[in-house]
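Presented below is the structure to which this report refers.
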Amino acid sequence: MFFLDPFFYEILISGLLAGVMYALVALGFVLIFKASGIFNFAQGVLALFAALTLVGFQTGQIPFAHLLSLFGLHATHWGAGFPTIVALLFSLGVMVLLAWLIVQIVLKPLVNQEGIILFMATIGLAYVLEGVGDLMWGANVKELNIGLPEGPSEIILDATDMFIDKLEISAAIVAIVLVVSLTLFSQYTKMGRALRAVADDHQAALSVGISLETIWWIVWSVSGLVALVAGVMWGAKSGVQFSLSLIALKALPVLMLGGFTSIPGAIVGGLIIGVGEKLFEFYIGPLIGGATENWFAYMLALLFLLFRPQGLFGEKIIERV
Amino acid sequence: MKKFTLAAVAAALVGSMVPASADHTIPLLSYRTGPYAPNGIPYADGVTDYINMINARDGGVGGVPINLLECETGYNTERGVECYESTKGQGALVYFPLSTGITYQLIPKATADDIPIHSMGYGRTSAADGNTFSHVFNFPGTYWDAASIIIKHMMDMEGGSLEGKKVALVYHNSAYGKEPIRTLEELSKKHGYELLLLPVDHPGQEQKSTWLQVRKEKPDFVTMWGWGVMNQVAISEAASIRFPMDRFIGVWWSASENDVLPAGAKSDGYKAIAMNRPGTDFGAYRDIQKHVIDAGNAAGAGDQVGTILYSRGMLNAAYMVEAIRTAQKIHGAGDITPGMMRDGLENLKIDQARWTEMGFDNFTSTIDVTCENHGGPGLGAIQQWDASSKTWSLITDFVGADRDVVDALIEADASAYAAENNISGHCK
Amino acid sequence: MEEKKKNNTIMEVKDITLRFGGVTAIEGVSFDILEGEVRAIIGPNGAGKSSMLNVINGFYHPQEGEVWFNGQKRGAMKPYQIAYQGIARTFQNIALFKGMSTLDNIMTGRFTHMKSGMISQVFWKGKAEKEEYENREAVEKVIDFLEIQTIRKTEVGKLPYGLQKRVELGRALAAEPKLLLLDEPMAGMNVEEKEDMSRFILDVNEEFGTTVALIEHDMGVVMDIADRVVVMDYGKNIGDGTPKEIVSNQKVIDAYLGVSHD
Amino acid sequence: MFYREAGDFKTSYQSDQATFTLRLDKILFWGLMAIATFVVPFFVTEYWEKSVFLPFFIYSIAALGLNILTGYCGQVSLGTGGFMAVGAYASFKLMTGIPNLDMFLVIMLAGLVTALVGVLFGLPSLRIKGFYLAVATLASQFFLVWLFNKWEWSYNYSPTGQINAPTRDFLGIDVTGPTTAPWATYLFCLGLLFIFAWITRNLVRGHIGRSWMAIRDMDIAAEIIGVNPLVAKLSAFAVSSFFIGVAGALYFSVWLGAAEPTEAFAIDKSFDVLFMIIIGGLGSILGSMIGAAFIILLPIFFKNVLVGYCGIPTDIAEFTQIVFIGALIIFFLIKEPHGIVAYWRTLKEKLRLWPFPY
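Chains as they are written, first to last, in this note's numbering: chain V, 2 to 322; chain U, 614 to 1041; chain C, 5 to 266; chain S, 65 to 422.
Right under this line is the structure:
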């Protein structure tokens, strides 16, 4: 039986690690949906934009260099870039600023609109961000290296003969830190409580004495941070390029499974999807022609929802009239 | 809104109604945006710079300047159609669609419009059968040539035989990626290796299970028909499971610097099949430097000069220029029509001497297109990546494919197409 | 007025018990509704009145007890099947189709009367068209009856509360039900609106002879329009009879004065 | 001044429920149709046909289909691309399997096949709601594309999985293949769009349409009124998928002539069509078409302006255009959350009251 198969455990582990990567992306969705009921289509592009910005600062690219070249300025880089840590801080700053702009320009005028409208607005946002990101930093692939360990971890390799990429281990650690700190934040700070309040009821939040705008600003900034982390983790694997924005698709089945409003849901959902699709692809895939991961993730989530429409951590829905 | 639509349509119309100029009009259906932009940009830059160089240096071909019409497809078929229709009206001589999807879409259309297509090492492989595909050219080589040449290289590494060996194909799960399967299957029958198929879905950022599959099956070789981000991820995954990189051989679309650089030092030794010699030490490059870049007219951001795909773009443009010249010779006309261009392509002959004159000394294989064979010689060489110096270098000469296997396949597919669309060969 | 009292039972519920997980919403409640009467169900909030209506029109399925309609014991049925049996209702907090006009809302009320198939709908020929206009006439009658001609084409979401209540009544009436369930039809209305609504209910009952069962808090109204009253408290039936009998029922008085239950 | 009911009183419910309640509307509409049918075909060039009209017509049909499901029945779906693929491959098999079958029948049968598949994938909607359903429909999107990429029978065992449309005719006039006359395909698609718009209109003014809207607005109340949610939702899925299947078939056979599932019917198709109906107007026939025009024609418009006139490099033009369109989407949503079509309505209102607003 495949439990004796040495690969079973390896695929299990790499499934879990992949799941963490998915969860990282899903987290951004959850934060925003929880606080403002918005299904943020732009989350993937946000990650791309964040990663592009980071690389831009790191390598000292000149923003809009390509655009400027229309006016005869052919330089593409400043003399030097910033050290990684500074670049990270700057990128975070950019994300916070971006969050503020989004709230002011897009969300404020759309307060109290139906979900589908806000969803559509974030699609417009995605378009804008994608275009601006490419105009600012160019559409070619960029290496992203912030000095995280890479390559197979020798220790594990020698001990168990399993290839586990250090990068993914560090991604897992980062994700865990992120989730823990988010949970603490929302549990033990006034702001965090306000966030949870706004999730339940906008009026309640106002009574806590924090304006809705501020709360949204913070939420979008935080999910901007999450996007940055996700962007870095995925970008380090594959280089930073347009495709990075497509990782959002990997997060959707996770959201179905974990529920749009539950942070632990996002994590557990991510792990289930990661392991599930890997096992299926590895054992069943070859029999039916492979490349099953994309749809299997959704089928898994779908089957699950058929039995638990409220998702993993949602409470049972009692319909009343 | 209705008014607005009309405005849009009106503008669209004007956009398409620019009168055909006296120049040689060549549309460039490039993709500088979208998921595959990293591959599209250098290619488009290469084409553009070379054409600009020809115009600047020789004032065009036979005194007639070339007018390059760039049109953004984003590697998307619908946009490709729009580009085709909008440039067709302007006297386009030839199309190189730069996308398998768009090529398939254009083959019947362009043939009906009597405009030749040159799909250089992509598109429909069986179009090498010129007798059936009168207007489609895919020299210098097809995917099936590439597959066979790669297998040849593996055999050389194994001392002549792949008997009992295992070869894995990691491919982009699309029409493009599926191209080599038939050939590899045929060859496996002939050479007795076991073929392992590992599809990867677009975009391909997640390939864990694919490479675990590789570890489980322990193939002796892996070859890859990858595209876009899939290449980078595959190469770094292969490296991180410590697959011997010199036994990992990609097709020419998995052969650019973009693909290996993100994997860093781990990618050292990765191989791929090449259409031309890497590097910039050629007359043509010097001319481009002199007439285009130094003049400040570099295409795009000007940061792609010398990359593999840039050189391939140059090569593509060089073919076009030479084809125009040939057409002019045949028809004795300076100003040529798409029909004449087709003849030019069909009679294109470039030997090394001619290449050297053109400033491509010892750069690529000789070209010999005939009415029956639009696939040219079908030669390719193997290039290898040196991560320390971040350079590619050829490690073999340009060798030919296993013709009797490949030609049989081409014959089969082409005749099927001919039957479907009742085409009787146009060659006597 | 007098002779309708003699009529036979149209609806009877026997020992209904309904639980949500641990909570017991209704406990062994029984009562009947006579054909052609106006039957009121009263009781404090949370007494299980709305739940009882939900049981009657099949939205909730009680764990114990029987529902008899038209002299037949009713098996487990889906709400839409029960609608076809001729039970219509309105809701405590308005459940109109907000995106649709008054007319369309009430037309939707005719759903059970419209049978034309997909094909004839697609080509809008024959049955589909004919049926549409026949039902439109019926609906126009309801509209005239409720005096809402002017808001025929208005999106109901835009209507004031009182009118919405009225449209909802219209939607229920359009179904020409045998039994009409009204869940607090006058909640949140001012005196005039209440008077209008009471008048409509009585007219419905008298002109169309429709049996009405309604939940209402305003005892005054109940006294005026109800023929018989059921009183519920904490999911139990604590009194049943004519309005006069009810007001003199000690249990009921306790329940309303909120005497502690022990 | 002239645009008002004055003079045309409604004497019957027929006229009151007619498609165009105002005589002037009627005249305008039929006038436009007349021009589109009898004038345009004489001037339509291949560029207009292939780059403007066909995409506009075909996406309009798809948008109508999705609007029935999402706009009228309230079931958000992201499976459009997959269903278009079903239509495309069904038509391909029919065209190659039964060579002398009339193209109109091919298209309709393709729609029928898609309707069946649609019902199948619509089943989850009975338990799953809202965004969860939207994401759930992605399962069908990805699965169908994967299937047509793998299942060799579906593409007649061609080595790559590319499918090509052979030349077929509608009543003896070629409407597919490389040698079609622009006017032929133009009229063919225009006719189909007209038919399907008319069908949509008929469905949504009858009780089936009302049952959809009832489910959309308040499913519980709808059920208590007598609407069987199973029937309502699945019928919506069936009709919607039929439309989308037809669109997919036209997309492959008449417009592009070649297709490959992973590229032509990828996830972004599903999103594009959803954008169309939201931008254009949920639950509106005109809105579906306006939306299609917005998403399909606007990029071409920008491209021709930025590249054609301003001579900006294609990539910069592309990015700028993306930004423009995104900004426009946001702008429209802020100004008019109910879609561009709502502008049209208010405009008509104003016109009707002009010059006496009160």
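Just so it is clear, CB atoms sit at the ideal spot from N, CA and C, and this is done for glycine as well.
Item                                                                                                              : Value
Amino acids of chain U, ordered along the chain, whose beta-carbon sits closer than 8 Å to that of Ala66/V        : Ala914
Gly62/C versus Tyr84/C - alpha carbon distance                                                                    : 8 Å
First through last residue of the beta strand (DSSP E) which encompasses Ala29/C                                  : Val27 to Leu38
Check whether Ser124/S and Ser352/S have beta carbons under 8 Å apart                                             : yes
Presumed contact (8 Å Cβ cut-off) between Gly926/U and Gly754/U, rounded CB distance                              : The pair is not a contact, with the Cβ atoms about 16 Å apart (cut-off 8 Å).
CB of Leu186/C within 8 Å of CB of Leu150/C, strictly                                                             : no
Beta carbon proximity, Gln226/S to chain U, threshold 8 Å                                                         : yes
Three-way DSSP call (helix, strand, coil) for Val622/U in this model                                              : Residue placement at Val622/U cannot be trusted, given a pLDDT of 49 that sits under 50; what the coordinates show is reported in the next sentence. Note: Val622/U maps to helix in three-state DSSP.
Near-chain V residues of the region 644-661 of chain U - C-beta to any C-beta below 7 Å                           : Arg645, Thr646, Gly647, Pro648, Ala650, Pro651 and Ile654
Contact set between Glu131/V and chain S, taken where Cβ atoms lie within less than 9 Å                           : Phe383, Ile386, Val387 and Gly390
Boundaries of the alpha helix (DSSP H) in which Pro246/S is found, first to last residue                          : Pro246 to Arg269
Cβ contact (3+ pairs, closer than 8 Å) linking the region 289-300 of chain V and the region 801-820 of chain U    : yes
Proximal chain C residues relative to Ser275/S, where beta-carbon distance stays under 7 Å                        : Phe115
Separation of Val1019/U from Val177/S, as counted between CA atoms                                                : 38 Å
Sequence-distant residues of the same chain with beta carbon closer than 8 Å to Ser634/U, five excluded per side  : For Ser634/U, the predicted model reports a pLDDT of 49, less than 50, meaning its position is unreliable; a value from the coordinates is still stated below. Only Asn680, Gln703 and Gly704 meet the Cβ criterion.
Sequence-distant residues of its chain with Cβ nearer than 7 Å to Asp964/U (five each side left out)              : Thr979
Beta carbon proximity, Ile901/U to chain V, threshold 8 Å                                                         : no
For Glu249/C, three-class secondary structure by DSSP                                                             : helix
Ile886/U versus Glu771/U: straight-line alpha-carbon distance, rounded                                            : 18 Å
Ile30/C vs Ile14/C beta-carbon contact at 8 Å                                                                     : no
Nearest neighbour of Tyr789/U, chosen from Val337/S, Leu411/S and Ala323/S [CA to CA]                             : Ala323/S
Contiguous alpha helix (DSSP H) assignments of at least 4 residues, all confined to the region 336-389 of chain S : 349-367
Short CB-CB distance (under 8 Å) between Asp136/C and chain S                                                     : The amino acid occupying residue 136/C in the given sequence is Glu; Asp does not appear at that position. So, interface residue.
Residues within the region 237-261 of chain V neighbouring chain S, beta-carbon criterion of under 8 Å            : Leu250, Leu253, Pro254, Leu256, Met257 and Phe261
Cβ of Thr755/U within 8 Å of any chain S Cβ                                                                       : no
Euclidean distance between Cα positions of Phe9/V and Pro188/S                                                    : 32 Å
Any chain U beta carbon closer than 8 Å to Asn141/V                                                               : yes
Presumed contact (8 Å Cβ cut-off) between Met163/V and Pro64/V, rounded CB distance                               : Not quite, the Cβ-Cβ distance comes to about 43 Å (not below 8 Å), so this is no contact.
Per-residue contacts from Trp296/V into chain S (C-beta, under 7 Å)                                               : Ala203, Phe206, Phe207 and Trp210
Continuous alpha helix (DSSP H) stretch holding His766/U: start and end                                           : Tyr756 to Met770
In DSSP terms, what Ser275/S is bridged to                                                                        : Answer is none; Ser275/S lacks a bridge partner.
Short Cβ contact (8 Å threshold) for Val934/U with Val674/U                                                       : yes
Residue span of the beta strand (DSSP E) that contains Trp838/U, given as start and end                           : Phe834 to Trp838
Leu13/V to Val291/S span [Cα, whole Å]                                                                            : 47 Å
Beta-carbon proximity list for Gly174/C, same chain, < 6 Å, skipping 5 on both sides                              : Ile110, Val146 and Leu150
Straight-line gap, Lys77/C to Phe307/S (C-alpha atoms, nearest Å)                                                 : 45 Å
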